[in-house]
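Below you'll find the structure, written out as structure tokens, and then a few comments.
Protein chains in written order, with the working numbering: chain A, 1 to 547; chain B, 1 to 547.
Set out below in structure tokens:
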């Protein structure tokens, strides 16, 4: 028996229309080099509809890929909506990818136009000749950088260069076409792995609508009209964790940080604009915390943090100084990205400070709307939910990728029954709360037993004389493979190997202790700021062979 | 271009599995005649799966209608999920319908089984012979009432009588079948109008999933794991406003009030169980307020109220006594029902107490996921959003009905372009905030101008000597039609007509003043507690003709 309810496509256009109709009076603030620019959603919505007209004028195909190469700004938000609301596909280019990766994804996605911040043109200019199908480059003047020569040196024909504001002022606002298929592509984002070419995830209107609605639920990020949201996480990667969409959908005010993501700049934005939600990766919050000392942070209600494991000491630092611990969340490009959020359960809020801090090292439960399972890598059976057994985390749901765009490697990442293999190793408590143990590729197998590199790193980074640490598995004459700690000393500190190893005693089992320590200047990072251990493994693979 | 995200049907089964997998430790409390019964979601989920087995054993068709005739209890919640999770269709029978309406809907829906509370069998027994296709009656022992004779006097063949607990204890828990089509019927509810036969709304898995997710967003009801939810609104009508589903989905604790909906009983449940959200119609909250005097109500975070206009004085009474005004919401059977919720905008929270109270007489904005428009009844054009012009409120969205079940009257209630005609007259502010002026059929047209009966009622009910008041349009020799106030005096008070009319002076325009007052013992109510003015109009239609 079929039901008799209306069947209205779930589209990004609905999000846009909420801001346009109901929240025209709310503001978007964008930080620029020398101050801030403000506009309200009414002006933003009008400009976004004009931008729809620009895409028509430029002759972008009905489902053409519209690429962006930009910081978090109000203009970037115009592109976030004008592309999908006209049926086109937003493609956010990660400005931190290697040049050859950028060339690959622009060509692979078949981008017809790139909208680029002027301050980023220096990165783009040398690559213009490699873009095969590009026809337009639209420059967004963000007040910094030069316009280099040779931008029109296209690979497959002439690239026409435009100025964003000139195009916009010549365009009329358009009515959106009706998006009748909620499975229509809305946007693309490529992964930022360290090996091989990036893989393309293609979000649908449906997936973005549901992911946004998820971000509005209390036990996820709880986005709401009264929020003032600072998305430090880049709009050029993984949808800025859904916060840009959620702000528009709920009418929350936005504070766009622009290019300056330094601790002092972000701290000033939080305080000056009474920010309620500020989301970023751990390294961001490490830099911001000291800058908030003595400041009025009473507006903050949530500090979502993910991208890599949130060190317990960082979350506790925020709790002690601000009265607000960090809200750990987990996800990846393939999960839109919000897949798990670590709120304490109501009965856990009575636990001791220590116990609560320990619980916050979890990533929490899979969010409503998605499903998670953790399976033994060998047997493929679900592991026991005992908080100790570990296995690979797999996900299923409407905002989880089903496939990569035109990519033969897809089969490696999805199970036969259609679940995403996340590549994360996890344990699960009896309540379904997930702790990430490691990436499958970073686990260390020593003497037949698995050792979590992440757990060791977190313990080492709690040492006051340590700035950062990465633990890698390297060859070992006796154990086959063994953990090696690559440690960055804190400024002015000079810890010894014995200091580090002694600090770990009693915190991890003896057989899990690193078999050695090497001192490094910094931990190599991926384009999105995650530890990249591949390079360390290459350099130090023989470091323990002399033992 | 199609997107590449997973396409997982949006089903009620997902809600169930959240409670089963993650919140087995959370509790459902059911009030009984002589205390409370408790069970946790783990036990509830197991019983619900057993109930699925019972439906199989009874031979209920794969998409058979499973009717309930019950109070708000944990057992009713088992039925809420066992029916749709096995692919069947839950049909909640409104225990307050007239007997002939019950006969009509049981037969019209083709109910195969009724699950009835023992305490309600007295209402059902005389009708058993009129149910044409009924094959099973399952009695749920709620500790009250007798089992009358003649229950098996079926209309179309033998009705077999069962005991719920006996059936359950003999059944094994079942795996749910896979619901592959999210548009599959999940449940039915008939409207409770005062004229003609009730009309059937058929909810889908998709509509219920999305409506539930909506109830979890902050700017709607904001259901969350830490909630303790008391749904005073009946599960037998309009899905208990989505709170039963939302509690299961979020793992919120539930307090089920059972049959005793008196002020003292509800007040005791709120205090004893540290309820955070309690939802009911205005008459419920009128009775509860005095009982909460001096009680510890610090657990309450929200008191959603709808079904009929929330008198300003009632909301202010809660604000003054509890520090928590009522949260006005609006919806109807056809809207699942949550369609609008009246949260103040962030910048309205700085307004004066008076101004805020005035804003709370609005029903707020249409909730995310649905659309609203207000059109001139004659021209069909949208009215200006000026807070004064009024027109008919129409809705569109995935949890709004598209049609009535097998009913020739459907065409009256939906526009050519598929929007629901709500029958409510509304104004809209420049921010899209809606105020209900009246039902289209209760508007009073006096001397060519429209007068809102609801506005007059609210003003009159603010008089301390008035218990209740209904304003109706009756024949008038000069004005064609004119407002007549039908007033119930407060206990022990004896106001005069001049007292009432004098009280209104300066509050409404002079030409809108009622042309007379009649004193009645109570305002007639519909089966769901709304004012039913049809009877009053019949009795008093000539009351002003002597003027």
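Don't be surprised by glycine CBs; every beta carbon is placed ideally from N, CA and C.
Bridge partners - residue i, DSSP secondary structure assignment
| i | result |
| --- | --- |
| residue 476 of chain A | A:480 |
| residue 189 of chain A | A:201 |
| residue 366 of chain B | B:340 |
| residue 25 of chain B | None; residue 25 of chain B has no bridge partner. |
| residue 382 of chain B | B:375 |
| residue 424 of chain A | A:439 |
| residue 280 of chain B | B:305 |
| residue 519 of chain A | A:487 |
| residue 35 of chain A | A:32 |
| residue 115 of chain B | B:68, B:138 |
| residue 90 of chain B | B:66, B:187 |
Simplified DSSP assignment, three categories, for residue i
| i | result |
| --- | --- |
| residue 161 of chain B | strand |
| residue 452 of chain B | coil |
| residue 539 of chain A | helix |
| residue 256 of chain B | strand |
| residue 84 of chain A | helix |
| residue 491 of chain A | coil |
| residue 389 of chain A | coil |
| residue 14 of chain A | helix |
| residue 236 of chain B | coil |
| residue 328 of chain B | strand |
| residue 231 of chain B | strand |
| residue 396 of chain B | strand |
| residue 20 of chain A | helix |
| residue 530 of chain B | coil |
| residue 54 of chain A | helix |
| residue 98 of chain B | coil |
Proximal chain B residues relative to residue i, where beta-carbon distance stays under 9 Å
| i | result |
| --- | --- |
| residue 399 of chain A | 5, 6 |
| residue 183 of chain A | 2, 3, 5, 7 |
| residue 38 of chain A | Here the premise fails: no neighbours, minimum Cβ distance about 15 Å. |
| residue 250 of chain A | 217, 218, 219, 368 |
Closest residue to residue i among the options (Cα-Cα distance)
| i | options | result |
| --- | --- | --- |
| residue 370 of chain B | A:1, A:13, A:2 | A:13 |
| residue 15 of chain A | A:81, A:95, A:129, A:358 | A:81 |
| residue 115 of chain A | A:55, A:96, A:62 | A:55 |
| residue 222 of chain A | A:182, A:476, A:342 | A:342 |
| residue 546 of chain A | A:478, A:495, A:251, A:522 | A:478 |
| residue 327 of chain B | B:357, B:335, B:347 | B:357 |
| residue 464 of chain A | A:396, A:494, A:447 | A:494 |
| residue 390 of chain B | B:425, B:418, B:511, B:421 | B:425 |
| residue 289 of chain A | A:274, A:248, A:262 | A:262 |
Closer than 6 Å: residue i CB and nearest the ligand COA heavy atom
| i | result |
| --- | --- |
| residue 478 of chain B | The ligand COA is not part of this structure, which contains no ligands at all. |
Chain-ordered neighbours of residue i on chain B, where CB pairs are closer than 7 Å
| i | result |
| --- | --- |
| residue 345 of chain A | 225 |
| residue 217 of chain A | 213, 216, 217 |
Interface partners of residue i on chain B, CB under 8 Å
| i | result |
| --- | --- |
| residue 402 of chain A | 4, 5, 6, 7 |
| residue 16 of chain A | Residues of chain B passing the Cβ test: none, with the nearest at roughly 12 Å. |
| residue 452 of chain A | Chain B residues near residue 452 of chain A: none, gap ~24 Å exceeds 8 Å. |
Residue-level contact to chain E via CB, residue i, 7 Å cutoff
| i | result |
| --- | --- |
| residue 49 of chain A | Protein chains A and B are contained in the structure displayed, whereas chain E is not. |
Closer than 8 Å at the beta carbon, the chain A residues around residue i
| i | result |
| --- | --- |
| residue 405 of chain B | 4 |
| residue 21 of chain B | 432 |
| residue 203 of chain B | 3, 5 |
Contacts of residue i in chain A (Cβ-Cβ under 7 Å)
| i | result |
| --- | --- |
| residue 63 of chain B | 1 |
Inset, instruction - Assess, as a yes-or-no matter, whether the segment 431-443 of chain A is touched by the segment 237-244 of chain A under the definition of 3 or more beta carbon pairs within less than 8 Å. - result: no
Inset, instruction - Would you be able to state if there are at least three C-beta pairs under 8 Å between the segment 390-410 of chain A and the segment 454-463 of chain A? - result: no
Inset, instruction - May I ask you to verify whether the segment 204-213 of chain B touches the segment 283-302 of chain B, counting CB pairs closer than 8 Å and requiring at least 3? - result: no
Inset, instruction - Would you be able to state if there are at least three C-beta pairs under 8 Å between the segment 487-496 of chain A and the segment 519-532 of chain A? - result: yes
Inset, instruction - For the segment 176-195 of chain B and the segment 85-100 of chain B, state whether three or more C-beta atom pairs, one from each stretch, are separated by less than 8 Å. - result: yes
Inset, instruction - Answer yes if the segment 300-313 of chain B comes into contact with the segment 274-282 of chain B, meaning at least three C-beta pairs across the two stretches below 8 Å, and no otherwise. - result: yes
Legend entry - Three CB pairs or more closer than 8 Å across the segment 372-384 of chain A and the segment 254-268 of chain B: no
Inset, instruction - Decide yes or no for the touch test of the segment 176-183 of chain B against the segment 146-154 of chain B: beta carbon pairs closer than 8 Å, at least 3 of them. - result: no
Legend entry - Three-pair Cβ contact test at 8 Å for the segment 62-76 of chain A versus the segment 110-127 of chain A: yes
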